[in-house]
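Engineer: Counting from 2, one number per residue, gives the positions in the sequence shown under my numbering.
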Amino acid sequence: MKKRKKQRKLIRLSNLLLDSLKKLNGSRLKQIQTVMDEFNEKCLETIKDKHLFDTAVEKNWLIGAESIRSRIERNLNDFSQHLQRFKELINSDEAVTPNLIDIFKELLQIEQEFGKLNINFKEKTISVMTEDIVLDDTSLGPFEIRLFINQLAKLYEDSPYRVIAIESNPAGNNSEVTHPHVSGERLCEGDGHVAIRAALEQGRFNDFFMLIISILRTYNPDSAYISLEDWEGRGCYDCGDTISQDECYYCEKCDREFCPQCSTYCRVCETTVCLGCSSECQECHEPVCVDCMNTCVDCEEKYCKNCLNEEGLCKNCELERKENENEELHSEKADAEV
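#1: From the DSSP secondary-structure annotation, give me the bridge partner or partners of F259.
#2: From A196, D247, V129 and N175, pick the residue whose C-alpha is nearest to that of I167; which is it?
#3: According to DSSP, is G236 part of a helix, a strand, or is it coil?
#4: My understanding is that E240 touches C263, with C-beta atoms under 8 Å, so please give their C-beta distance in whole angstroms.
#5: So if DSSP puts S280 in a beta bridge, which residue, or which two residues, is it bridged to?
#6: Between which two residues does the alpha helix (DSSP H) holding S71 run?
#7: On the DSSP bridge list, what partners appear for T296?
#8: Beta strand (DSSP E) containing S215: first to last residue?
#9: Count Cβ pairs between the stretch 168-188 and the stretch 37-51 that sit closer than 8 Å; are there 3 or more?
#10: Look at the alpha carbon of C1 and the alpha carbon of C270, and state the distance between them as a whole number of angstroms.
#11: Looking only at DSSP bridge pairs, what is S264 linked to?
#12: Indicate whether L148 and L25 have their beta-carbon atoms separated by less than 8 Å.
#13: Between the beta-carbon of I120 and the beta-carbon of K10, is there less than 8 Å?
#14: Along the chain, where does the beta strand (DSSP E) that runs through H180 open and close?
#15: I need the boundaries of the alpha helix (DSSP H) containing L45, first residue and last residue.
#16: Using C-beta distances below 6 Å, list every residue in its chain close to A172, excluding the 5 sequence neighbours before and after it, in chain order.
#17: Roughly how many angstroms lie between the CA atoms of L280 and L188, to the nearest whole one?
#18: Tell whether a beta-carbon distance below 8 Å holds between L201 and F209.
#19: Whole angstroms is fine: what's the gap from C278's alpha carbon to P288's?
#20: With a 10 Å radius around its C-beta and 16 neighbouring C-beta atoms as the bar for buried, classify G344 as buried or exposed.
#21: For a quick check, are the C-beta atoms of L19 and L101 less than 8 Å apart?
#22: Are the Cβ atoms of E258 and C237 separated by less than 8 Å?
#23: If you draw a straight line from the C-alpha of E89 to the C-alpha of G27, how long is it?
#24: Could you check where the alpha helix (DSSP H) with F122 kicks off and where it finishes?
#25: By alpha-carbon positions, which one of R205, S184 and S215 ends up nearest to D192?
#26: Can you list, in chain order, the residues of its chain whose CB lies under 6 Å from that of G313, leaving out five sequence neighbours each side?
#27: Of all the beta strand (DSSP E) runs that stay within the bounds of the stretch 134-186, which reach a length of 3 or more residues?
#28: On the three-state DSSP scale, how would you describe S224?
#29: Under 7 Å from any heavy atom of the ligand FAD, does the C-beta of D192 make it?
#30: V269 by DSSP, collapsed to three states: which one?
#31: Measuring alpha carbon to alpha carbon, tell me which of E132, K60, L17 and Y266 ends up nearest F122.
#32: Helix, strand or coil for L109, going by three-state DSSP, please let me know.
#33: Kindly give me the distance between the Cβ atoms of V36 and R86, rounded to whole angstroms, as I take these residues to be in contact under 8 Å.
#34: Whole angstroms are fine: how far does the CA of E132 sit from the CA of L84?
#35: Suppose contacts are defined by Cβ-Cβ distances below 8 Å. Is C260 in contact with D242 by that definition?
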């Protein structure tokens with residue numbers, strides 16, 4: 002009874018996948034049409050530029066000819082990209098749509114390979130779980146590879162799957178990066194892009210999951226969102242540099258983390274602060290936090306508490322007051338003698 006129920010479930014899933022693959026093939030043909038139009042447009046632009054270039058050369062318009070040559074060079078770079086995309090889409094091997102039995106066998110193979118295939122008919126998703134991924138002694142935990150069946154038809158526009166960290170150990174300065182090659186649950190496929198797309202187009206779902214796992218087990222520091230060397234690091238709020246936990250300074254005024262170059266400490270209260278939450282005292286020229294800065298009652302300039310007297314005067318204003326007081330006393334004494 003359980004076996005029949007399981008078979009019916011897999012047959013139902015196979016039909017869903019087959020429908021999506023048929024839509025994907027239709028989408029692929031429309032995409033080929035779009036790329037052909039773009040390719041044709043690039044060809045027409047090149048022909049037009051060729052005539053303009055010939056005219057400029059014949060009339061010895063050297064500056065104009067050089068300008069057209071530069072434009073042709075730029076267009077050729079775009080041309081090669083369109084040509085490569087065109088070749089990938091037009092490849093006849095990628096147009097083969099499997100039948101229902103082939104897809105059913107694929108699902109059985111996935112269960113045999115991974116032990117369990119997670120099916121959600123409500124969300125129309127299938128997923129498998131990886132084992133704990135460990136790269137260079139850094140444990141990243143297991144991942145769920147979730148394929149959205151209804152999004153298969155949009156393969157050429159967006160990725161139809163997500164790579165979800167289950168026991169997340171994200172990079173210290175970016176919680177979205179859960180693997181050196183995964184950011185925001187999206188995998189950087191690198192050289193595996195063509196193979197992954199071909200596996201989905203041909204309904205080779207077991208190969209699809211295996212390809213993803215192969216990339217997750219591989220570390221390429223040159224294409225990593227964040228390298229494993231900086232994995233435990235944090236990002237300086239000011240300059241954005243990645244720093245280790247030992248180099249991280251916490252500003253007690255704005256509650257953010259900074260690198261040594263973007264932080265200091267108040268010379269009055271000895272509190273760690275960032276450069277944005279500190280100012281330089283005009284008298285002693287030392288960094289002081291905002292709470293330890295006061296305004297001189299006379300000149301209204303900012304000074305640290307240590308550079309103001311009990312009356313709230315800076316040294317210049319204190320000296321000026323004394324001079325004024327001495328002048329008044331001298332004047333009063335002179336008047337008395339007269």
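By construction, the Cβ of each residue, glycine as well, lies at the ideal position given by its N, Cα and C atoms.
Structural biologist: Considering the structure as presented:
#1: Y250
#2: V129
#3: strand
#4: Checking the displayed sequence, the identity of residue 240 turns out to be Cys instead of Glu. Going by Cβ atoms, the distance from C240 to C263 rounds to 6 Å, so yes, they are a contact pair.
#5: V289
#6: L63 to I91
#7: K303
#8: Where S215 is concerned, there is no enclosing beta strand (DSSP E), although the alpha helix (DSSP H) it sits in stretches over F206 to L217.
#9: no
#10: Missing from the structure shown is residue 1; the chain here goes from 2 to 339 and no further.
#11: C275
#12: no
#13: yes
#14: V178 to H180
#15: K3 to E59
#16: V178, I227 and W232
#17: Here residue 280 is Ser; the residue named in the question, Leu, does not match the sequence. Their Cα atoms are separated by approximately 44 Å.
#18: yes
#19: 10 Å
#20: As displayed, the chain neither begins before 2 nor continues past 339, which places residue 344 out of reach and without an answer.
#21: yes
#22: yes
#23: 16 Å
#24: No alpha helix (DSSP H) holds F122; DSSP gives it neither H nor E.
#25: S215
#26: V298
#27: 134-136, 139-142, 144-149, 162-166 and 178-180
#28: helix
#29: Here there are no bound small molecules, and the ligand FAD is not part of this structure.
#30: coil
#31: L17
#32: helix
#33: 6 Å
#34: 40 Å
#35: yes
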